[in-house]
Amino acid sequence: MTKTNSDDVLVTHFDHHSRQFAGNAITTVNELREQAPVARSDAYDGFWVVTRHDLVAEAFRDFESFSSKNGASIPALSFGSTHIPTSMDPPDHQIYRRVLTPWFSQSSIRKLEPWIRETVAALVAKLAERGTWDFVPDLADITPGTVTLTILGMAADRQGEFLAAMARGMENQGTTDEELLAEMARDKEWLVAQILREAADRRAAPRDDLMSVLANDELPGGGKVTDAQIVDIVMVLLLAGFHTTSGALTAMLVHLERHPELRERLRAEPERIPDAIEEIVRLYAPATGMARQVTRDREFGGVQLREGDMAFMLIMAASRDPRQFENPDELDLDRSNSKSVAFGWGVHRCLGLHLARTVLRIEMELVFELLPDYEIDLERVRLSHTMGIGYLHESVPARLGGRAS
Ligand code: HEM
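Under numbering that gives the first Met the number 0, think of the first position of the sequence shown as 0, with each following residue one higher.
Here's what the structure looks like:
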């Protein structure tokens with residue numbers, strides 16, 4: 000339901016975490032963008048919803064007017080709102096980004112590629128052996144966590160435990176259920192304890208991994224990373240990479256099942272897989288949107304923002320804006336995605352994008368290679384009941400099929 004108030008502002012009950020939104024996410028964001036580039040939601044104490052591509056990109060770029068200091072989520076995540084570097088503005092943001100960037104750079108990820116391929120090949124070979132599987136728990140959820148934990152130097156085979164501890168908080172963001180909130184607090188405590196134990200281990204015996212750097216090294220400009228900051232950094236690495244990359248893979252697989260001609264084309268021309276990945280993350284936003292806090296009164300997209308207001312940059316809406324992308328709802332391998340905001344924009348642009356792109360490409364290459372005739376049971380595909388974090392699937396059941404290879 001929407002109405003216009005006395006200031007000519009479109010007011011809605013837009014709640015990106017609601018089941019209602021999850022049931023109709025893409026249509027909802029497309030409609031909202033065409034009704035108002037900036038609308039007012041009365042959910043979660045009120046926030047602005049920014050839907051037009053140029054405005055979302057501008058807000059991401061203009062960190063002086065749109066600060067990350069109050070966190071990138073609405074409402075705040077149960078894992079805390081002081082994540083590093085997500086909830087920092089320059090210049091502090093750059094200090095931590097400089098520590099993290101080398102571990103996630105294109106050249107570092109390229110070096111990991113043979114190992115990622117081997118890891119994914121083992122997983123995909125297991126699917127072939129089993130004959131039936133679910134792409135969500137059996138592939139998509141496993142790979143990104145395995146790689147991120149390995150970069151940190153943490154036992155990769157524990158990714159399932161970490162995923163489980165994060166899932167409740169991610170899926171129930173915004174809940175007021177006391178019992179759930181208590182369970183989420185326990186999940187957070189558990190995660191904090193794991194991270195601090197790893198940091199203590201690395202102080203005792205440093206290794207060649209990111210956790211050792213965080214636990215022992217001086218920051219650029221001086222000073223050590225405190226325990227609390229280590230938690231804030233590792234938490235964001237875990238939260239930012241697991242679900243997003245998983246969501247992108249399953250969105251790709253389901254899209255290809257619905258468009259067999261595209262699936263055949265990518266199988267025949269695997270060098271086009273990277274273009275398909277960019278289009279999939281544009282079309283099915285694995286990160287629904289990011290919050291910012293307004294730092295000064297100003298006009299923006301036809302509304303008057305006030306200092307302290309929260310605003311949600313709805314990437315899912317911006318990515319299908321026809322003002323930026325011709326035929327925005329179509330997957331076009333030849334489209335230039337240089338202006339895509341799917342991985343964010345400006346200083347907070349995704350730290351893990353090379354990792355995500357590499358993992359997704361290798362997963363698709365190996366699915367085509369080792370499961371050439373897989374079939375997804377579209378009738379049993381289930382989308383997540385919450386899309387506040389990203390466009391995610393709960394289940395994508397599949398089996399070896401009889402399709403000609
Ligand atoms: C398809 C997969 C992914 C998508 C769509 C995605 C999307 C995004 C977006 C939109 C942002 C901007 C946040 C903001 O502006 O506040 C971001 C930041 C970030 N992403 Fe990703 N991400 C993905 C995968 C990953 C992976 C695999 C990692 C691995 C660790 C990762 C780590 C991060 C981190 C640490 C930030 C914060 C950067 C900063 O604040 O400077 N992401 N991501």
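Heads up, the beta-carbon is just placed ideally off N, CA and C, and yes, glycines get one too.
Paired residues, beta bridge with residue i - DSSP
i              : result
lysine 223     : Glu217
aspartate 133  : Pro396
isoleucine 375 : Ala397
leucine 424    : With the chain represented from 0 up to 404, any question about residue 424 goes unanswered, as that position is not in the structure.
leucine 9      : Thr3
alanine 310    : Trp47, Arg291
leucine 304    : Arg297
Cβ-heavy atom distance, residue i to the ligand HEM, below 8 Å
i                 : result
arginine 96       : yes
arginine 348      : yes
proline 74        : no
alanine 286       : yes
histidine 92      : yes
methionine 363    : no
valine 212        : no
alanine 239       : yes
valine 358        : yes
isoleucine 314    : yes
alanine 317       : no
glycine 246       : yes
glycine 389       : yes
methionine 289    : yes
valine 48         : no
proline 84        : yes
methionine 153    : no
phenylalanine 103 : yes
tryptophan 344    : yes
phenylalanine 367 : no
threonine 249     : no
phenylalanine 59  : yes
alanine 355       : yes
proline 143       : yes
Same chain only: Cβ atoms within 6 Å of residue i, ignoring 5 sequence neighbours per side
i             : result
leucine 209   : Trp102, Ile150, Leu151
valine 340    : Val55, Ala56, Ile314, Ala317
serine 394    : Asp133, Val135, Arg381
glutamate 117 : none
glycine 300   : Pro36, Val37, Leu54
aspartate 231 : Thr81, His82, Ile83
glutamate 170 : Thr385
asparagine 4  : Val10
Which of helix, strand or coil DSSP assigns to residue i
i                 : result
asparagine 4      : coil
phenylalanine 241 : helix
valine 340        : coil
glutamate 329     : coil
leucine 359       : helix
phenylalanine 324 : coil
phenylalanine 62  : coil
arginine 51       : coil
serine 40         : strand
glutamate 256     : helix
leucine 350       : coil
lysine 68         : coil
isoleucine 141    : coil
asparagine 23     : coil
asparagine 29     : helix
aspartate 200     : helix
glutamate 57      : helix
glutamate 268     : coil
aspartate 91      : helix
isoleucine 73     : coil
glutamine 172     : coil
glycine 246       : helix
proline 205       : coil
7 Å Cβ shell around residue i - same chain, five flanking residues per side excluded
i              : result
arginine 402   : Because arginine 402 carries a pLDDT of 49, less than 50, the predicted location of this residue cannot be relied on, and no value is offered for it.
valine 119     : Thr142, Ile361, Glu362, Leu365
serine 17      : none
leucine 252    : Phe134, Ile375, Val395
glycine 351    : Phe103, Ala239, Gly240
valine 212     : Val98
methionine 386 : His15, Phe20, Ala21, Ala24, Thr287
Cβ-based neighbour list, residue i, same chain, cut-off 8 Å, excluding 5 preceding and 5 following
i                 : result
arginine 398      : Gly130, Thr131, Trp132, Tyr373, Glu374, Asp376
aspartate 6       : Val302, Gln303
phenylalanine 161 : Gly144, Leu148, Leu190, Gln193, Leu237, Phe241
proline 273       : Arg356, Arg360
serine 404        : For serine 404, the predicted model reports a pLDDT of 38, less than 50, meaning its position is unreliable; a value from the coordinates is still stated below. Here the set comprises Pro371, Asp372.
Cutoff 9 Å: residue i Cβ touching any chain D Cβ
i           : result
leucine 370 : Within the model displayed, chain D is absent; a lone protein chain is all it includes.
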